[in-house]
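Below you'll find the structure, written out as structure tokens, and then a few comments.
Numbering (our numbering), first residue to last: 51 to 229.
Right under this line is the structure:
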């Protein structure tokens, strides 16, 4: 087993290699910041319970997502030095809206609907949706729950559709949502 310092030194090298593959000038200009942010995010990810054999795949996914998010922020003119913006649920909910069933629904009205619909799901479907939201992949969820990966993918797809359908039905029945 590698020592912790050696592992993270190797992770940095891997991250730099993955970023080099993009070959564009923007990535070259921001490579050091991206490597540092990705290393920190990968370290946080590794602290949570995950399948240890998926470590390198997790680091690669974090690298790809962080680069994409940072480029998107830079394109919008937002700060690149903080690639992890405040999560939408922590932002001022009065200003945030979701488009549901063709209507603009304020977040302070939509999030309770989501909680209500999630409470109606079967416990395993709730667990799967939360697991995906926490960053677990289908293979990790399958191993954890003792089911096939295809079963997990099917259940996730159906649970997502059910949540979407139920929330849209509630919004349609409610009519207008005032701020």
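Glycine residues also receive a C-beta, built at the ideal position from the N, C-alpha and C atoms.
For clarity, every value in this text was computed on a predicted model and none was experimentally measured.
Remark: three or more beta-carbon pairs, one from each stretch, lie closer than 8 Å, so the stretch 96-109 and the stretch 58-69 are flagged as touching.
Between residue 167 and residue 217, the CB-CB gap stays under 9 Å. Looking at the DSSP output, residue 158 shares a beta bridge with no other residue. Here residue 205 is near residue 175, since their CB atoms are less than 9 Å apart. Spatial neighbours of residue 91 in its own chain (CB-CB distance under 7 Å, excluding positions within 5 residues in sequence) are listed in chain order as 112 and 116. In the three-state scheme derived from DSSP, where H, G and I count as helix and E and B as strand, residue 117 is classed as helix.
Going by DSSP, residue 147 is part of no alpha helix (DSSP H) but of the beta strand (DSSP E) stretching over 147-150.
Bounds of the alpha helix (DSSP H) holding residue 79 are 75-97. The alpha-carbon separation between residue 171 and residue 156 amounts to approximately 23 Å. DSSP places residue 191 in the uninterrupted alpha helix (DSSP H) bounded by 188-195. For residue 150, the closest of 200, 104 and 213 by C-alpha to C-alpha distance is 213.
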